[in-house]
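Student: This note's numbering numbers the first residue of the sequence shown as -9 and each following residue consecutively. For glycine and all other residues, C-beta sits at the position ideal for the given N, C-alpha and C.
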Amino acid sequence: MKNFLKIFIYFFIPIVIASACLEVYMRHIPNSYRYKDEWMKKNGNYVESLILGSSHAYYGINPEYLSGKAFNLANVSQDLERDYFVFNKYKDNVKNLKTVILVLSDANMLSTMEKGVESWRIAYYGIYMGYPQKRLALEITNARMTDKLQASLKGDDMLGCTPLGFGTAYKDENKQPITETSINEALERNTILNKVGNIDTTYLRQNIKALDEIILLCKQKNAKLIILTAPVVREYGKRMNRSQSALFYKIIHKKIKGNSNIEFRDYIKDPRFSSADFFDCDHLTNLGAKKFSEIISQEIH
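1. Considering only residues of the same chain and omitting the five flanking positions on each side of Asn184, which have a CB-CB separation below 7 Å?
2. Under 8 Å by Cβ, that's how I've got Glu28 and Lys59 pegged, so tell me the actual separation to the nearest angstrom.
3. Once you ignore the five residues that flank Asn21 on each side, which residues in its own chain have a CB closer than 8 Å to its CB?
4. Residue ranges of each alpha helix (DSSP H) run of no fewer than 4 residues wholly in the segment 13 to 67, ordered along the chain?
5. Kindly list the residues whose CB is nearer than 6 Å to the CB of Leu277, restricted to its own chain and excluding five residues on each side of it in sequence; keep chain order.
6. What does a CB cutoff of less than 7 Å around Tyr55 pick up in its chain, not counting 5 residues either side in sequence?
7. Here's the rule: buried if 16 or more other CB atoms are within 10 angstroms of the residue's CB, otherwise exposed. What is His243?
8. On the DSSP bridge assignment, give the partners of Cys151 in chain order.
9. Measure from the alpha carbon of Leu42 to the alpha carbon of each residue in Lys32, Phe61, Gln123, Tyr25, then state which is nearest.
10. How big is the Cα-Cα spacing for Asp69 and Phe1?
11. Check the DSSP bridge columns for Ile252 and list the partner residues they point to.
12. Please name the residue, chosen from Ser95, Ala10, Tyr48, Glu13, that lies closest to Phe238 on a Cα-to-Cα basis.
13. If you follow the beta strand (DSSP E) that Val90 is in, where does it begin and where does it stop?
14. State buried or exposed for Ser101, treating a residue as buried only when at least 16 other CB atoms are found within 10 Å of its CB.
15. Taking the straight line between their C-alpha atoms, what separation do you get for Ile241 and Val14?
16. From the DSSP output, in three-state form, read off Asp270 for me.
17. For Asp137, count neighbouring Cβ atoms within 10 angstroms of its own Cβ and tell me buried if that reaches 16, exposed if not.
18. Report the option in Ile217, Arg179, His18, Ala213 whose CA atom is closest to the CA atom of Ile246.
19. Could you give the distance in angstroms between the alpha-carbon of Val222 and the alpha-carbon of Glu178?
20. Contact between the segment 208 to 217 and the segment 245 to 260 is defined here as three or more beta-carbon pairs at a separation below 8 Å; is this criterion met?
21. List in chain order: all unbroken beta strand (DSSP E) runs of 3+ residues lying wholly within the segment 76 to 121.
22. Could you tell me which of Thr181, Leu274, Asn98 sits nearest to Ala159, measuring between CA atoms?
23. On the premise that Ala47 lies in contact with Val93, defined as a C-beta separation below 8 Å, what is that separation, rounded to the nearest angstrom?
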C-alpha cells in the first residue's frame, strides 16, 4: 500500500498538475468562441442585426458593411442546432434586435456537426459558450489540441475574427486556385449521400426542428428572419446535386409561405460574382465578402 502511495505521489500527481496547467494555458489562447461569448454578454444591446450560419456566413458577411449595428455570430461548420443554441443563449442580450440573417446551404438541412469532419469543434461551444452537452469538455483531450498549441507557439492569429465577428482567414491574397479537382472535392464534401448513393435524410427532421425553433424565437423577439444562400463559383453551382437542392428549396419555400416574418434571398448563382471573388469553390474572399455584404445591405435593409 505504501509503495502504491509513493508511486501515486511521485508520478500521478505531477501529471495531474501539468495537465491542469496545460488546460489553463490552452483556454487562454484567443479564439472566436470565447470572444463572441464575451462580446455578446457585454454588447448584445448594441445589436440590431445578428448573423448566424457556418463558414459561408462567418467568412461571407462582414458586419462592417451592413447598414445598422450588426454582429457575426456564425462560426466554421456551425450547424442549425448550434445556430439555435447561440441565438437562444443570447436572446435576452439583444433587446434591440430587428433582423436575423441566417445563411444556409442545401447541405445544412441534411448534416450535423456530430457527423462532420470537424466534430471536434463542438467541444468549444461547451468550454466557451456553455453548451450543455459539452459543458465538461476539455481542451487537452480535443483532437486538435496539438495543432492549436503549435499554432499558438508559432505566433499565428488565433482569434481569427474582426471585432464584429467576421472571419479573417480567407484573405484575397491567399485564395486557392479553382480547379476541376477542387470542384469535385467540394461537391463530394457538400453532397450528403447514404451508402446506396441516395440523398441521406437521417438528420433532416432534426434540422427542420432547429430551423423551426429559430423561426419561433424570431417571432418572439419580433425580429425579421432573412434566410440567405451565399454565392458559389459558377461551375460548382452548375454541378450541385439537383435532388439535394430541390429538397432544400422545397423546405425553405414551405417555411416562408404565408409567413411575413421570413424572407428568402437566393444568391447561389448570382451573376454579379466571378471566380475572382472566391477563396475556394464555395467561400468568398475578404474582398468578395465586402461585395456580398454591400449587396445584402442594399437589398435587405
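Tutor: Looking at the atomic coordinates:
1. Residue mapping note: residue 184 aligns to position 194 of the sequence shown, counting from 1. Counting only Cβ-Cβ distances below 7 Å, and skipping sequence neighbours, we find Asp190.
2. As a position in the sequence shown, residue 28 is number 38, starting the count at 1. As a position in the sequence shown, residue 59 is number 69, starting the count at 1. The pair is not a contact, with the Cβ atoms about 18 Å apart (cut-off 8 Å).
3. The sequence position of residue 21 within the sequence shown is 31, counting from 1. Excluding sequence neighbours, Asn21 sits near Tyr114, Tyr118, Met148, Leu149, Gly150.
4. As far as the segment 13 to 67 is concerned, its whole alpha helix (DSSP H) runs of at least 4 residues are 22 to 33, 45 to 48.
5. On the sequence shown, residue 277 is found 287 positions in, with the first residue counted as 1. Result list for Leu277: Asp162, in chain order.
6. Within the sequence shown, residue 55 is the residue found at index 65, counting from 1. Once the five neighbours on either side are set aside, the close Cβ partners of Tyr55 are Lys280, Ser283, Glu284, Ser287.
7. Here the question's residue 243 lines up with position 253 in the sequence shown. It is exposed - the Cβ of His243 has fewer than 16 other Cβ atoms within 10 Å.
8. Taking the sequence shown and counting its residues from 1, the one referred to as residue 151 is at position 161. Residue pairing from DSSP places Cys151 in a beta bridge opposite Gly157.
9. Taking the sequence shown and counting its residues from 1, the one referred to as residue 42 is at position 52. Selected option, being the one with the closest Cα: Phe61.
10. Taking the sequence shown and counting its residues from 1, one reaches residue 69 at position 79. Taking the sequence shown and counting its residues from 1, one reaches residue 1 at position 11. Cα atoms of Asp69 and Phe1: separation of roughly 42 Å, rounded to the nearest angstrom.
11. Reading the sequence shown from its first residue, position 262 is the one you call residue 252. Bridge partners of Ile252: Leu215.
12. By one-based count along the sequence shown, residue 238 stands at place 248. Nearest in C-alpha terms to Phe238, of all of Ser95, Ala10, Tyr48, Glu13, is Ser95.
13. Here residue 90 corresponds to residue number 100 of the sequence shown, with the count starting at 1. Counted as a single uninterrupted DSSP element, the beta strand (DSSP E) harbouring Val90 occupies residues 89 to 93.
14. To locate residue 101, count along the sequence shown from 1; it is residue 111. Buried, since its Cβ has 16 or more Cβ neighbours within 10 Å.
15. The residue you call residue 241 lines up with position 251 of the sequence shown. The residue you call residue 14 lines up with position 24 of the sequence shown. When rounded, the distance between both Cα atoms is 44 Å.
16. Within the sequence shown, the letter at position 280 stands for residue 270. Here Asp270 sits in strand by DSSP.
17. For this step, residue 137 is matched to residue 147 along the sequence shown. With fewer than 16 Cβ atoms within 10 Å of its Cβ, Asp137 is classed as exposed.
18. In the sequence shown, counting from the first residue as 1, residue 246 sits at position 256. The shortest C-alpha to C-alpha distance from Ile246 to any of Ile217, Arg179, His18, Ala213 is the one to Ile217.
19. By 1-based counting over the sequence shown, the position of residue 222 is 232. By 1-based counting over the sequence shown, the position of residue 178 is 188. Approximately 15 Å between the Cα atoms of the pair.
20. Flag = yes, the segment 208 to 217 and the segment 245 to 260 touch.
21. List check, beta strand (DSSP E) in window: 89 to 93.
22. Sequence index remark: in the sequence shown, residue 159 carries index 169 (1-based). Of Thr181, Leu274, Asn98, the smallest CA-CA separation from Ala159 is found for Leu274.
23. In the sequence shown, counting from the first residue as 1, residue 93 sits at position 103. In the sequence shown, counting from the first residue as 1, residue 47 sits at position 57. Sure, about 4 Å apart at Cβ, within 8 Å.
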